[in-house]
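Q: Same order as they appear, the protein sequences are chains A and B.
First residue of the first sequence: 588, per the working numbering; consecutive thereafter.
First residue of the second sequence: 2, per the working numbering; consecutive thereafter.
Sharing a structure with you now.
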Amino acid sequence: MSTDLLGIGTSGLLGQQRLLWTAGNNISNLNTEGFTRQQTTLYTNAVNLGVGSSNTTRVLNQFAQGELWRDTSTHAYNSSYYADVAYTDKLLSDSANSAGVGIDNFFKGLHSANETPNGQSGREGVLSNIDSMLNRYSALNSQLTQQYDTANAKIGNAVNKINTLLSNINDLNTQLIKRQGSGDDGTSLHLMDQRDEQVRQLSEMLDIRTVPQDDGSLLVNMTTGQSLVARGQAASMLVVNGDPDSRETGIQLSLNKATTSLKQEVLGGSLGGMFAARDELAPTKRQLGQLAVAMADAMNQQNRLGMTLNNQLGGDIFTLPSSEGLPYAGNAGTGAVSVDFMAGEGSNVTGMDYLVTFTTANDYEIYRLDDDGKKTGSPITGTTTFPATIDLDAEGLSLNLSGAPAAGDKFLLQPTLNAAGGLSRELRVADDLALASPLKLTADSNNYGTGSIKLDGVTNTDGSSGFSSGSLDSAAPHSVTIDDSGNYVVYDGTGGVIGTAAASTGGKNLMAAIYGSPAAQTYPGFEFSIDGSVAPGDNFTLEFNTDGFSDNTNGLAMANLQNKDLVRRADSTSADNTITLNESFTALVTGVGSKVSQAKTEMTASEAKLTQSQDWYNSVSGVNLDEEASNLIKYQQAYSAAAQIVNVAKSTFDTLLNAVS
Amino acid sequence: MRISTNMQFDRHLQSLMNTSGRLDKANERLLSGDKFATAGEDPFGMSQKMGLTTNIELYQQYTTNGNLLQSTLSHEETVLSSINDNLLSTTTLLQKIQNGAMSDGDLQDLGHELEMRQAELYDLMNSKDPQGEYLFSGNQTQTQPFAKDANGRYVFQGDAGVRSVQVSPSVSIQASDSGHTIFETAATRRTASPLTGNNNISILVSDQGAYDTYYKNNYDTSSTASNSFIFNTIAGTPDTYEITDSGGTVLKSGEYVAGEALDFNGLSITVDVATGGSQSFQMDSPTNDNILNSLSDIIAVLKDPSSLSGDELQQAVADVQTHMSHTRDQVGTALWQTGARMNTLDSVLASNGSLEESNTEARAAVSEIDMYQAITDLYKEQNALSVAQQTFGKLQQQSLFDYLR
């Protein structure tokens, strides 16, 4: 039996050695990324006494691992989304960049100019305020555009990384299958660790589901079921240009030459977060564009209602940008659509994109698109022959159609997307700022009555009005005389009677009384009243305000635009659907702010959840040095004991030999 | 629960990072003085802050506007009171003319003095503001408001426009007055005269006040004919007269004595026709003019006193005196209005100031930190960090390997 004792001792030595190796391996790999704690189990020898075989396995709870991967995806989504929208938030909240400050300064400049309407310094100040405001608009717009491009670049990098990970996982799977049953040297376990680490990294990029296989490999799917790593092959992802907006890129998945487009919402992980954050940029840009257009148009219209330092009617201060409709790739016709903003309809402009669809070559449907690009509401329909111009007054847009579209052709219109960057100053010299009213109203100095005449407002100065360039048309009202019955008789420039307003009107709103309301707003395009007591024969004159450069009536109206509701709130039909410029910018900033705030809450929650599942996973699979230290002692002692067995076997044998000799 | 070594490290690291993150935030808040830096940290607070900032900026602008307006208005007030003083002393001079003891030489001296006053007034009416703009030319501030035309008459060259300044969201205050309103529309003396061809009647205004009242109530601007009267004499014992208006209604009647003055609504009418005859007269049509022209008229008269009879002189003086009094009324009104505007401005500026202040306070409450709170927070976080650091050191010393020797 003594040889058996030696055999038992030797098997014990080898077994304990094996255990010591495992403990040593665990300690050494403490900081190895993806390492899973290993455990060696010894079995008794089934035939003889002593230790038989040993088996080393990873200590792993697959449920804990699966939960860790899912929580990793969720947190990666939230933190990548948060990081990107927080950047936008910083950009908008930064007062140095703030378009809100630009707007405030512009109006302050106008107030100063109104103090001395015929002075150069105030006017030059307004011009430089306009430029700095436009700079802020365009800087903000281009920063947002840059961020969009950066997001696309990041998406490209992420897709490359995903493809590498997928192919790595597939390679590791293949190796694992090959090594199946080829003995236990620990390599398979390390390969599994490596593969699981790749899968964990993949779960940072994408939301995935895994299916372990009996042969040790792991299949990876999207949450929607598409295969990412199948048996023996890996899918690859591709960034494809958007249609019709090529910058609005999307993701295609190809496996085995079959390609499918992936919806952004199902991606999850940091890739999904990048897409979600990128798609917040366009609505912000459109809102900024809407604000810029509404302001510019209102200023243009008001400036047109005044008189410049050159005794001319004012012109536009800003050039409103126009844009080209983007044709879809599938368009068969040669049609093209370009979009202009309609002058005077700035407060109808929405922060939305539009889709023009030709149901036949001549029938069109125009849909508004919401922030997600979905059609909202019922379409504006019409029939036209090309080329044509379609004025959408209710949207503040004018579409120019050219070429010949085919039935089914579609165009995407993005009127406000880059409007904030495309706005430019049309006003060349400070003199052209129309601060003065174009009309001078005077009560004759010899009037017996004490009535005074006052301008209630100028509403129109274009070709349809009573004004011509630098003058009041002779057919327009030039004077008012009180007749014997106290009626107000309005005369034109050649002495002809235009009309008579009854004494009972009290001289209020004479133009509306004579031309009708609201017709008077178009022609003659102004309104005035005579206040106070009048006597028959009293005369009042109206003339072009030539040289009335110290007048600031129109400048005051312009400055007052800051308090006016100019920007369309949303797709609302209620009467009170407009807000002021400042309110609009505040809404834009706080809209993004709310998203950031919400994203932060979600990120904090998902971080807590991730920590929890990390703890669960680590409590099972992580290495504890104290544990390993205690194991070391335990195994070392067992090893010493086994060595002692060998020693005993030796001394037993020696005793026997000595006894014999 | 089984704890892995890396979990311990990770947890400590996490808590160190969280604590130092909070410390950094506390420090940033203390340094910037803001509760939040971006809208994401407090969207509602940011929305309020932006709204309040716009309001504060607006009120600051209104205050700037108001301060400039204050100096504009006080300048105008100064000029208007100088004009008032000038008019007052001119009035005194005019009263001297009526002193019957004046010799022709005295009158001529008075004429010269009046000329000086007129020049001074002319100068004041053409005053400029500190920016070199004419005060009273309406919106044509580069044009001299009053100038002499070819006939030596003073004409107004500006317009009736006025400029307003916005001093609060809803209040805009008139910043200027036009000479058209103040000077040009001053009513001249209301008079009456014989109709053409009626040479046997003379009419003087004996009681301007009574006549003005009558004129005001009865003058019809729609038809000149209805402003005439007929003085009929009727033979009898005694002879009588009737004054009828254009409609034939008898307004006054009485005993007629040829050549004897009688009073009719402040007019002194002297008719000298044979009984049975009649004379017609009318209320003169109303005119407005600036006082410079009336002064020119009286100066011309005074320089050559012998050309007029005593009565005619009196009438000329009465003309200018009445016109002067109307002008002084208008200047007084303008002065009063300027003062009223300054009062309004003062109260608007005061309310702007307190609104700006309350907005600033509200903004501070929403967006600015409480210093004590912030400093306390900073110390608290510092403390937390050093505790976390110490714990980290302590716990990491607990390794079984340290006891294996």
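Here a beta-carbon is modelled for each residue, glycine too, at the ideal position from N, C-alpha and C.
Is the beta carbon of Q132 (chain B) closer than 8 Å to that of T703 (chain A)?
A: Result yes, Cβ atoms of T703 (chain A) and Q132 (chain B) sit closer than 8 Å.
Q: Rounded to whole angstroms, what is the Cα-Cα separation between A385 (chain B) and I376 (chain B)?
A: The alpha-carbon atoms of A385 (chain B) and I376 (chain B) are separated by roughly 14 Å.
Q: Using Cβ-Cβ distances below 9 Å, what residues of the segment 1095 to 1128 of chain A are close to chain B?
A: Listed in sequence order: A1122, P1123, G1124 and D1125.
Q: Is the separation between the beta-carbon of F282 (chain B) and that of N199 (chain B) shorter than 8 Å?
A: Closer than 8 Å, so yes.
Q: Buried or exposed: A1063 (chain A), going by 16 or more other Cβ atoms within 10 Å of its Cβ?
A: Classification for A1063 (chain A): buried.
Q: With a threshold of 8 Å between beta-carbons, can Y1078 (chain A) be considered close to chain B, or not?
A: So, not an interface residue.
Q: Grab the span of the beta strand (DSSP E) containing A994 (chain A) for me, first residue to last.
A: Looking at the DSSP string, A994 (chain A) is not in any beta strand (DSSP E), and its letter there is neither H nor E.
Q: Pick helix, strand or coil for P1105 (chain A), following the three-state DSSP scheme.
A: Looking at P1105 (chain A) - three-state DSSP - the assignment turns out to be coil, as it is neither helix nor strand.
Q: Going along the chain, which residues of its own chain have a beta-carbon closer than 8 Å to the beta-carbon of Q762 (chain A), five neighbours each way excluded?
A: So the list reads L778, once near-sequence residues are dropped.
Q: Go through the segment 642 to 692 of chain A residue by residue and report every complete run of the alpha helix (DSSP H) that reaches 4 residues or more, in order.
A: If we require 4 residues or more, the alpha helix (DSSP H) runs fully inside the segment 642 to 692 of chain A come out as 649 to 680.
Q: Find the residues of chain A that neighbour G52 (chain B), judging by a C-beta separation of less than 9 Å, and give them in chain order.
A: What G52 (chain B) touches in chain A: N1169, E1170 and T1173.
Q: Quick one: does Y954 (chain A) have its CB under 8 Å from some CB of chain B?
A: Closer than 8 Å: no.
Q: Let's test the definition: count the other Cβ atoms within 10 Å of the Cβ of A745 (chain A) and tell me whether it reaches 16, buried, or not, exposed.
A: Counting Cβ neighbours within 10 Å, A745 (chain A) comes out buried, since at least 16 surround it.
Q: Taking a cut of 9 Å between CB atoms, which residues from the segment 699 to 714 of chain A lie near chain B?
A: Result list: S699, N701, E702, T703, P704, N705 and G706.
Q: When we look at the beta-carbon of L405 (chain B) and count the other beta-carbons within 10 Å, is it buried (16 or more) or exposed?
A: Flag for L405 (chain B) reads exposed.
Q: Which of helix, strand or coil does DSSP assign to Q132 (chain B)?
A: Coil at Q132 (chain B), not helix or strand.
Q: Taking the C-alpha atoms as reference points, what is the distance between V926 (chain A) and L1000 (chain A)?
A: V926 (chain A) and L1000 (chain A): Cα-Cα distance of roughly 7 Å.
Q: Which ranges would you report for the alpha helix (DSSP H) in the segment 101 to 159 of chain B if only whole runs of at least 4 residues count?
A: As far as the segment 101 to 159 of chain B is concerned, its whole alpha helix (DSSP H) runs of at least 4 residues are 105 to 126.
Q: So, with DSSP's three-state summary, where would you put K253 (chain B)?
A: DSSP places K253 (chain B) in strand when its eight states are reduced to three.
Q: Where D1138 (chain A) and N140 (chain B) are concerned, what is the direct C-alpha to C-alpha distance, given to the nearest angstrom?
A: Distance between the alpha carbons of D1138 (chain A) and N140 (chain B): 5 Å.
Q: Counting contacts by CB-CB distance shorter than 8 Å, is V1154 (chain A) in contact with chain B?
A: So no, V1154 (chain A) is outside the interface.
Q: Between the Cα of S934 (chain A) and those of A:R1015, A:L636, A:A881 and A:P908, spot the shortest distance and give me the residue it belongs to.
A: Nearest of A:R1015, A:L636, A:A881 and A:P908 to S934 (chain A), Cα basis: A:A881.
Q: Determine, for S173 (chain B), whether the minimum Cβ-Cβ distance to residues of chain A falls below 8 Å.
A: True, the Cβ-Cβ gap to chain A drops below 8 Å.
Q: Does the segment 711 to 722 of chain A come close enough to the segment 687 to 697 of chain A that 3 or more CB-CB pairs lie under 8 Å?
A: With the cut-off at 8 Å, the segment 687 to 697 of chain A and the segment 711 to 722 of chain A touch.
Q: Residues bridged to I967 (chain A) by DSSP?
A: Answer by DSSP bridge pairing, in chain order: A:I953.
Q: Straight-line CA distance for Y220 (chain B) to G1080 (chain A)?
A: Rounded to the nearest angstrom, the two C-alpha atoms are 30 Å apart.
Q: Secondary structure at G837 (chain A), three-state DSSP: helix, strand or coil?
A: In the structure shown, G837 (chain A) sits in a strand (DSSP, three-state: E or B).
Q: Secondary structure at E42 (chain B), three-state DSSP: helix, strand or coil?
A: Here E42 (chain B) sits in coil by DSSP.
Q: Distance cutoff 8 Å, beta carbons only. Does T345 (chain B) sit that close to anything in chain A?
A: Not closer than 8 Å to any Cβ of chain A, the Cβ of T345 (chain B) fails to qualify, so no.
Q: Do you know whose CA, among A:T810, A:G596, A:S985 and A:D978, lies nearest I795 (chain A)'s CA?
A: I795 (chain A) has its Cα closest to that of A:T810, out of A:T810, A:G596, A:S985 and A:D978.
Q: Between A:G743, A:G876, A:Q877 and A:G768, which lies nearest to T836 (chain A) when the distance is taken from Cα to Cα?
A: T836 (chain A) has its Cα closest to that of A:G743, out of A:G743, A:G876, A:Q877 and A:G768.
Q: Which parts of the segment 158 to 224 of chain B are runs of the alpha helix (DSSP H), unbroken and 4 residues or longer, counting only runs that do not cross its ends?
A: Fully enclosed alpha helix (DSSP H) runs of 4 or longer: 209 to 219.
Q: Name the DSSP beta bridge partners of N618 (chain A), please?
A: DSSP output for N618 (chain A) lists no bridge partner at all.
Q: Starting from A389 (chain B), trace the beta strand (DSSP E) both ways and give me its first and last residue.
A: No beta strand (DSSP E) contains A389 (chain B), which is instead part of the alpha helix (DSSP H) from M372 to Q397.
Q: Short of 6 Å in beta carbon distance, which residues of its chain neighbour S754 (chain A), apart from the five on each side in sequence? Order them along the chain.
A: Excluding positions up to five away in sequence, the list reads A821.
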